[in-house]
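Numbers 7 to 141, taken from the working numbering, label the letters of the sequence shown in order.
Below: the structure, in structure tokens.
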Amino acid sequence: MYGLEIYHRVRRAVLRDGMSERAAALAFGVDRGTISKMLTFSEPPGYRLKSQRPRSRMDAHAEFVDQILISDREVPKKQRHTVRRIFERLRDERGFEGGYPHLPVSAVAATNPADYMVSMAPELPSSWAPEHPAS
């Protein structure tokens, strides 16, 4: 996508100064089709979605996975669910039809990672005194 500056320069050269679209394409190093699009829109239109994206298979199960991850906060680290175990529970208990490699559990957990993860940063004192003062 071209910047707004070149967009306006092309429009000024063709519409106000009378340069042909073909000459503008050569002068600015842009394809003639792009020049015609620049002349059609006063500002770059940006990305336009042609059709709705298909919904994820996980949408129906997101609340279930949230409950699993929230309940995992109460148990010791070694007893928490792995992604594979969450997949197995989804498949067995909820009839999940997606595949394990495509299971976006991390995407569900990433919606609010602070809810699921305990900070790994060690607690450091806010101030400290040196052992040997500088002499």
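Using N, Cα and C, we set each Cβ at its ideal position, and we do this for glycine too.
Keep in mind the model is a prediction, meaning the values are calculated, not measured.
Could you give the first and the last residue of the continuous alpha helix (DSSP H) run that contains residue 46?
38-46
Can you tell me which of the three DSSP states residue 32 falls into?
helix
Taking the Cβ atom as the reference point for each residue, do residue 20 and residue 11 lie within a distance shorter than 8 Å?
no
How would you call residue 93, buried or exposed, if buried means at least 16 neighbouring beta carbons within 10 angstroms?
buried
Report the three-state DSSP secondary structure of residue 77 (helix, strand or coil).
helix
Using only alpha-carbon positions, find the residue among 54, 96, 83 that is nearest to residue 73.
96
Rounded C-alpha distance that separates residue 68 from residue 89:
14 Å
Taking C-alpha atoms, which residue in 59, 53, 71, 48 lies nearest to residue 18?
48
Would residue 76 be called buried (16 or more neighbouring beta carbons within 10 Å of its own) or exposed?
exposed
Got a sec, what are the start and stop residues for the alpha helix (DSSP H) residue 16 sits in?
10-17
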